[in-house]
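For reference, the structure discussed in these notes is given below.
4 protein chains.
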Amino acid sequence: MSAQRMKIGCAGLGRMGKRHALNFLERTPRAELVAASSPDPAELEWAKTHLVPFGVTLYQNYDDMLKHEGLEAIVVASATAVHAEQAIKAIEADKHVLCEKPLSTSVEVSQSVVDAANKKPNLKVMCGFSRRFDKSYRDAYNKMQAGSIGAPSVLRSQTCDKLDPSGFFVAYAQFSGGIFVDCSIHDIDLTLWFFGAASKVKSVSAVGITAVEPDLRKHNDRDNAVGLVEFYDGKIAYFYASRMMAAGQEDTTEIIGTKGKLAVNTQPAMNHVNLYDETGIRREIPQTYWDRFEYAFVTEANEFTAAVLDNKPLPLELTAAVQAVRIGAALQESLISNQKIFFDEQGNRTEASRL
Amino acid sequence: MSAQRMKIGCAGLGRMGKRHALNFLERTPRAELVAASSPDPAELEWAKTHLVPFGVTLYQNYDDMLKHEGLEAIVVASATAVHAEQAIKAIEADKHVLCEKPLSTSVEVSQSVVDAANKKPNLKVMCGFSRRFDKSYRDAYNKMQAGSIGAPSVLRSQTCDKLDPSGFFVAYAQFSGGIFVDCSIHDIDLTLWFFGAASKVKSVSAVGITAVEPDLRKHNDRDNAVGLVEFYDGKIAYFYASRMMAAGQEDTTEIIGTKGKLAVNTQPAMNHVNLYDETGIRREIPQTYWDRFEYAFVTEANEFTAAVLDNKPLPLELTAAVQAVRIGAALQESLISNQKIFFDEQGNRTEASRL
Amino acid sequence: MSAQRMKIGCAGLGRMGKRHALNFLERTPRAELVAASSPDPAELEWAKTHLVPFGVTLYQNYDDMLKHEGLEAIVVASATAVHAEQAIKAIEADKHVLCEKPLSTSVEVSQSVVDAANKKPNLKVMCGFSRRFDKSYRDAYNKMQAGSIGAPSVLRSQTCDKLDPSGFFVAYAQFSGGIFVDCSIHDIDLTLWFFGAASKVKSVSAVGITAVEPDLRKHNDRDNAVGLVEFYDGKIAYFYASRMMAAGQEDTTEIIGTKGKLAVNTQPAMNHVNLYDETGIRREIPQTYWDRFEYAFVTEANEFTAAVLDNKPLPLELTAAVQAVRIGAALQESLISNQKIFFDEQGNRTEASRL
Amino acid sequence: MSAQRMKIGCAGLGRMGKRHALNFLERTPRAELVAASSPDPAELEWAKTHLVPFGVTLYQNYDDMLKHEGLEAIVVASATAVHAEQAIKAIEADKHVLCEKPLSTSVEVSQSVVDAANKKPNLKVMCGFSRRFDKSYRDAYNKMQAGSIGAPSVLRSQTCDKLDPSGFFVAYAQFSGGIFVDCSIHDIDLTLWFFGAASKVKSVSAVGITAVEPDLRKHNDRDNAVGLVEFYDGKIAYFYASRMMAAGQEDTTEIIGTKGKLAVNTQPAMNHVNLYDETGIRREIPQTYWDRFEYAFVTEANEFTAAVLDNKPLPLELTAAVQAVRIGAALQESLISNQKIFFDEQGNRTEASRL
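Chains as they are written, first to last, in this note's numbering: chain P, 1 to 355; chain G, 1001 to 1355; chain D, 2001 to 2355; chain H, 3001 to 3355.
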């Protein structure tokens, strides 16, 4: 291992931006966080305390940061609406890119990032599907690859957030692409991982309700939704997404094969503690996505850095990120139109179902 | 409590018939098994050893058994195809009836049992949805009723059988009504219990595959299927049924409310034993439906008997059994036609979706 | 199977007596409860409602019940203080005996029951160590016998009661023989089962506290106690007994072998329900010994009956019951004297330890 | 937070030394690993690849490292036999010290480290009891402090290693101080944490066996041992240590109070994966102490660093480390002598027990 370190800049210093910045600053030994950008004064103020003392240069303007001397890579952790634009600019400026998911809520815009990346095959461009870096999911994947469950056939996966009583997610729904693009995108990505990136969708159908936040309907969204995806090679995936979990974050996946099943997180737990009292035996569970996947983000940062420094393949293909958005957007459309949607084997919509 | 005992006869002595007969003989103190009928010589032979020494009279012919002196009730545990006919004959002969599920795989035939029962309001006629008598489901129901989870909104339930390598279920599929009518009927009944019997279906959609038994397609059936049911009052239920579980019977239910969730059997276990060895920590799970629900059937027999003897209301309404078949049959149709099916609030099919 | 039934009488109708009586009345098909005795008017009153209508004859006097026409067996479920006397009288009257544990809190008195039984080898005399009939313990035992854990070497077991705020157990301590004889007797019996009845004790030591009920010291007892038992063949057992569990009954056992471990009930649960709410994930556990072992008592009644009717060996040896009391009494003595106690290989006390 | 970093050197580069060195190099942002020492050529060779490229200076001689320009702190991660000597030298050279447990297997030698530290009150000297930094143990401690279990009364704790078929631990036993000093020391430290550092021991007794490695007897050690510790304030702790776990590392603790119980790791799991196959449901568990406590060591390094840089109190008192060795050594003596050992309230041995 050489002592050479990858110089990276962080675009965006909101909730996820702060985390990515600190991960590259403190928990990615082979990377050096040299720059960070944000248009937001409060975020820059935070950075003056937490980043600047450690040698990080701040930029109000993303384009200016791209010109930072010696900068080799960018982590795009800004608002979803500018993910694609910033990623493309970075690629054009010959920077490696780790982009938060999704590339965009639009399939076409997502594809434009892939197109930009394809023109610079020497660059490492990755969309950060954090669960791919989680130890449990990797263990499950490896066990499946080793034949533990025979042929994977049915996948159930859910991304369920703890109810945020502030109702923040209502305003957020305007830009999130909807619950299937925002939450289930992870489950869809897992499906493409476990079933194979070449899996072809035959149909999608979805239903949803607003059990706690009727206002979501203004933004064509729901607070609970279930979606069904049928693939051409005789596989099924079904997803549940929710904004109203009482106990905390419940992200659970089951991969059912012809000879076994792998269950990831069907018994959620925050740690190894159980409290026995007169109400029974109780354990707490992670409250947020970060609580559950904190170390996956650290691994993501380290593996992205290693791929850049050692010029090795990235752990996941950028094209899968577009396919995930395509499926998420179709589910969201089905959710709102209340219609089942069919595709032919080339991925084009068809009117009638092929029986 | 009086020492008076209800005289009951058992129709059918196949796998379920034997169990019902022995339950009424040995584990239902207030009932007396006085008769049993079967056209099958092997079944009658079994009964000569296990029932006759304890005072049970055998009949080759069901109609003859109905005339047994003093007979007050019948448990119909024969092949599904004759459930309705035998139940109706028993009702007409003024016997109380406990009928194995389903009343019929046909909605119309199921309804004819209800019609017959309605003419004899003094009789107790019950369809044996065994999970309603399971301690865990009852505990969950009581907790929901006590407000533990707020308003129930989403229900996930699965009935998944261990793979039977003999492939028996292929031949059986010809008469079972399909995987949604045979397996998911329990999950549907639970839905009607937890969401309320008056819940009105807005749409159903389903997909399925044949991962292990392609021959099932001959009988318009699948070995794995997922179904989505949308209700008019803003609730969703989704079901998974499978014939290929590796570890055993996996019947799991989650009821998600606005303030909490109740999970039934998300951590299956046959007993309280865990084996630690070089492969990790392992526990076994029930192999069959009977392993899991044996005591629910005992409770069912005892509560049916008590309702008859004490002239108290039955624990579940017969009409729900028809509604369960209606939903199961619609899901099965959707599974085969690959179309989403819509209903208006009166339960009639509609062409277009109501948005 | 013949329809012949064993005629049994129940001595004592207190908490355990009622349960044994009803088990033989309602859940032991091959037995017929023909008689019951109690000197207590309230208990007899209860029996008039619950037993007499089903043909049970009541006796105020135990000796009178022994003369009941056709009586073949007695279940002794009275106060511990009269277990041995009633068991011996029954044996002398040529009745088979199922005696609640312990035979006596005194080793000598316990042995006198064995002596009486030895004179009537045709009689079935069993001490009811209920855990031997529990499905989980039997599964663990069978797995151990099948070699799953190599050579069993260390056994940890606990019998821990839910705190009874009435403090009933303080008065009870006067006659119970102390916490090791009353509670740990089950764990000791399990040790003799899993390690073998011929296991020879080398030393015992114990400590205890009164965390919630200092008054127990009046009766030379404690509310929490830990005991260590060393055997001559290089095995160890250690026990914990408590009267102050908050959540419910916690009876847990681990058998550690050279190649694996069997854990029984290290994850207690009343049923299959988990409640998810803002405090986390919660399950309830059995509140009492009966909640946990109800079906073991039913199996015990049925297997005792079958051994009598079919003249087959009993599932456990009566001598083990004496050895269990011997070990329990030594632990209790060590608890109170605060001294370690040593034995030679013939079971005699020795002053110094053999190193 | 300032960008100032604490310059630290690592003494010893064996199994634990490598881990501590890398933790300070890569996962302790506020520390700078500037030096490392080892007399072992192979260890130095490893360091040339893994440490030198990142600016770490290597020393064959510990005393030379102490003179490293600007060095502020030492992590002592060498063989136990030199812990105390190296710690004292570092203190005398005015370095802050984080010393691996135990300070020494001898109580007197351990105390000499405390004495040396007392002369330099400006220095931070800490013994690294890693479990104090584990999230689960901290959560349990905080819950206890918040009153969740009433008054803590009984503590059960075990440190059980996976069987190492190489038998390495036999040779290791010569220097380890024995199983109670090497393994149970953690459980003892937890006891002093949860019960309070001022807890006074009244008696200890222990028994042990050699189930898999009879050769351990040559070094006065055992492969399985159980110990009982009684405290003067009416509390009990009991410990189990083993070298022969089949499934992996099993470090479990229960703290039982008058109103509840906290259980830490009674359901061990390596991650969130469960595999369902024809043998049942299976999960893997951590294989080593490191697998289980990796992040506790990272937290330890970071908190030690913060205490030094910010001149804040250390999270644990050094004196507790001596008391832990004292109890561990007494248990080991009891294990070998087979005698119960008594102490008066001043900590002196007494012949007879105080009743």
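Positions of the beta carbon are idealized from the N, C-alpha and C atoms, including for glycine.
Predicted model, so just to flag it, every value in this text is computed and none were measured.
| task | Pair every Cβ in the segment 148-165 of chain P with every Cβ in the segment 312-326 of chain P, then say whether three or more of these pairs are closer than 8 Å. | result | No contact exists between the segment 148-165 of chain P and the segment 312-326 of chain P.
| field | Residues near G:Lys-1120 in its chain [Cβ-Cβ closer than 6 Å; skip 5 each side] | value | Residue 1120 of chain G sits at position 120 when you count from the first residue of the second sequence. Correct list, in chain order: Ile-1091.
| message | By alpha-carbon positions, which one of P:Gly-260, P:Lys-101, P:Ala-73 ends up nearest to P:Ala-81? | response | Here the question's residue 81 of chain P lines up with position 81 in the first sequence. Closest option to P:Ala-81, Cα to Cα, is P:Lys-101.
| query | What three-state label does DSSP hand P:Gln-174 in the structure shown? | reply | Mapped onto the first sequence, residue 174 of chain P falls at position 174. Looking at P:Gln-174 - three-state DSSP - the assignment turns out to be helix.
| Alpha carbon to alpha carbon, what distance is there between H:Thr-3253 and D:Phe-2231? | Translated into positions along the third sequence, residue 2231 of chain D becomes position 231. Translated into positions along the fourth sequence, residue 3253 of chain H becomes position 253. One C-alpha to the other measures close to 26 Å.
| Residue environment, D:Thr-2105, which counts as buried when at least 16 other CB atoms sit within 10 Å | As a working note, residue 2105 of chain D is residue 105 in the third sequence. Around the Cβ of D:Thr-2105, a 10 Å sphere holds 16 or more other Cβ atoms; the residue is buried.
| field | Contacts that P:Tyr-276 makes with chain D (C-beta to C-beta distance below 7 Å) | value | As a first step, residue 276 of chain P is located in the first sequence; it is residue number 276 there, counting from the start. Correct list: Ala-2246, Ala-2247.
| said: Residues of the segment 1339-1351 of chain G in Cβ contact with chain P at a cutoff of 9 Å, in chain order, please. | reply: Those would be Gln-1339, Lys-1340, Phe-1342, in chain order.
| query | So, helix, strand or coil for D:Tyr-1976, using DSSP? | reply | Residue 1976 of chain D falls outside the range modelled here, since chain D spans only 2001 to 2355, and no answer is possible.
| Between D:Met-2270 and G:Gln-1267, what straight-line distance do the alpha-carbon atoms span, to the nearest angstrom? | As a working mapping, residue 2270 of chain D is identified with position 270 in the third sequence. As a working mapping, residue 1267 of chain G is identified with position 267 in the second sequence. Straight-line Cα distance between these residues: approximately 13 Å.
| said: To be precise: take each residue of the segment 291-305 of chain P, compare its Cβ to all Cβ atoms of chain D, and keep it if any distance is under 7 Å. Which residues remain? | reply: Hits within the stretch: zero.
| Listed in chain order, which residues of the segment 3146-3166 of chain H have Cβ atoms closer than 8 Å to some Cβ of chain G? | Of all residues in the segment 3146-3166 of chain H, none comes within less than 8 Å of chain G when Cβ atoms are compared.
| request: Kindly list, in the order they appear in chain H, the residues whose Cβ is closer than 8 Å to that of P:Phe-24. | output: Mapped onto the first sequence, residue 24 of chain P falls at position 24. Ordered by position in chain H, no residue passes the 8 Å Cβ test against P:Phe-24, which lies about 11 Å from the chain.
| request: Report the three-state DSSP secondary structure of H:Ile-3188 (helix, strand or coil). | output: Sequence index remark: in the fourth sequence, residue 3188 of chain H carries index 188 (1-based). Looking at H:Ile-3188 - three-state DSSP - the assignment turns out to be helix.
| said: With a threshold of 8 Å between beta carbons, is G:Thr-1049 in contact with chain P? | reply: As a first step, residue 1049 of chain G is located in the second sequence; it is residue number 49 there, counting from the start. Chain P, which has no Cβ nearer than 8 Å to the Cβ of G:Thr-1049, makes this no.
| For P:Glu-43, the nearest candidate out of P:Ala-11, P:Val-34, P:Lys-67 (CA to CA) | Translated into the one-based positions of the first sequence, residue 43 of chain P becomes position 43. Ranking P:Ala-11, P:Val-34, P:Lys-67 by Cα distance to P:Glu-43 puts P:Ala-11 first.
| Unbroken beta strand (DSSP E) run spanning H:Val-3076, endpoints | If you number the fourth sequence from 1, residue 3076 of chain H lands on position 76. Taken as a continuous stretch (DSSP letters only), the beta strand (DSSP E) holding H:Val-3076 covers 3073-3076.
| said: Whole angstroms are fine: how far does the CA of H:Ala-3321 sit from the CA of H:Arg-3349? | reply: Along the fourth sequence, one-based indexing puts residue 3349 of chain H at 349. Along the fourth sequence, one-based indexing puts residue 3321 of chain H at 321. For H:Arg-3349 and H:Ala-3321, the gap between their C-alpha atoms comes out near 20 Å.
| On the three-state DSSP scale, how would you describe G:Glu-1213? | In the second sequence, counting from the first residue as 1, residue 1213 of chain G sits at position 213. For G:Glu-1213, the secondary structure class from DSSP, reduced to helix, strand or coil, is coil.
| query | Which stretch, first to last residue, makes up the beta strand (DSSP E) that contains P:Ile-256? | reply | Within the first sequence, the letter at position 256 stands for residue 256 of chain P. Element bounds for P:Ile-256: 250-257.
| Under the rule that 16 or more other beta-carbon atoms within 10 Å means buried, what is P:Asp-182, buried or exposed? | The sequence position of residue 182 of chain P within the first sequence is 182, counting from 1. Residue environment analysis places P:Asp-182 among the buried positions, since at least 16 neighbouring C-beta atoms fall within 10 angstroms of its C-beta.
| field | Partner residues on chain H for G:Thr-1279, Cβ-Cβ distance less than 7 Å | value | Along the second sequence, read from residue 1 onward, the residue named residue 1279 of chain G stands at position 279. Here the neighbours are Arg-3282.
| Cutoff 8 Å: H:Pro-3268 Cβ touching any chain G Cβ | Reading the fourth sequence from its first residue, position 268 is the one you call residue 3268 of chain H. Yes - at least one Cβ of chain G is within 8 Å of the one on H:Pro-3268.
| query | When DSSP labels each residue in this structure, what does P:Glu-32 get in the three-state scheme? | reply | Here residue 32 of chain P is taken as the residue at index 32 of the first sequence, counted from 1. It is a strand residue.
| From H:Arg-3354 to H:Ser-3199, what does the alpha carbon distance come to, in whole angstroms? | Stepping through the fourth sequence from its first residue, residue 3354 of chain H is reached at position 354. Stepping through the fourth sequence from its first residue, residue 3199 of chain H is reached at position 199. Reliability of the predicted coordinates at H:Arg-3354 is poor, the pLDDT of 44 falling under 50, and the value obtained from them is presented with this limitation in mind. One alpha carbon belongs to H:Arg-3354, the other to H:Ser-3199, and they sit about 17 Å apart.
| Under a CB-based cut-off of 8 Å, is H:Lys-3259 close to chain D? | Taking the fourth sequence and counting its residues from 1, the one referred to as residue 3259 of chain H is at position 259. H:Lys-3259 counts as touching chain D.
| query | Using a Cβ-Cβ distance under 8 Å, would G:Ile-1188 count as near chain H? | reply | Working through the second sequence from its first residue, we reach residue 1188 of chain G at position 188. Output row for G:Ile-1188: interface = no.
| said: Suppose the cutoff is 8 Å on Cβ atoms and the five residues either side in sequence are ignored; what does the same chain contact list for P:Gly-234 look like? | reply: As a working note, residue 234 of chain P is residue 234 in the first sequence. For P:Gly-234, where only same-chain residues beyond five positions count, the Cβ hits under 8 Å are Ser-153.
| Between H:Ile-3285 and chain G, is there a C-beta pair that is closer than 8 Å? | Taking the fourth sequence and counting its residues from 1, the one referred to as residue 3285 of chain H is at position 285. H:Ile-3285 belongs to the set of residues whose beta carbon lies under 8 Å from a beta carbon in chain G.
| Nearest to D:Ile-2236 by CA position, among D:Met-2245, D:Gln-2339, D:Asp-2187, is which residue? | Residue 2236 of chain D sits at position 236 when you count from the first residue of the third sequence. Proximity to D:Ile-2236 across D:Met-2245, D:Gln-2339, D:Asp-2187 peaks at D:Asp-2187, based on C-alpha coordinates.
| field | contact_flag[the segment 2235-2251 of chain D, the segment 2202-2221 of chain D] where n(CB pairs < 8 Å) is 3 or more | value | Segments in contact, yes.
| said: Among the candidates P:Asp-344, P:Ala-77, P:Leu-58, whose CA atom is the shortest distance from the CA of P:Leu-68? | reply: Stepping through the first sequence from its first residue, residue 68 of chain P is reached at position 68. One point to set straight first is that residue 68 of chain P is His, not Leu, in the sequence displayed. Considering only P:Asp-344, P:Ala-77, P:Leu-58, the residue with the shortest C-alpha distance to P:His-68 is P:Leu-58.
| task | Please say whether D:Ala-2079 and D:Val-2113 have beta carbons closer to each other than 8 Å? | result | Here residue 2113 of chain D refers to the residue found at position 113 when the third sequence is read from its first residue. Here residue 2079 of chain D refers to the residue found at position 79 when the third sequence is read from its first residue. No. Outside cutoff.
| For H:Leu-3355, which of helix, strand or coil comes out of DSSP? | In the fourth sequence, residue 3355 of chain H corresponds to position 355, counting from 1. Reliability fails at H:Leu-3355, whose pLDDT of 43 lies under 50, so the model's placement of it is uncertain and the value that follows must be treated cautiously. Of the three classes helix, strand and coil, the one that applies to H:Leu-3355 here is coil, per DSSP.
| P:Ala-140 versus chain H: which residues are under 8 Å apart at the beta carbon? | The residue labelled residue 140 of chain P in the question sits at position 140 within the first sequence. Those are Val-3273, listed as they occur along chain H.
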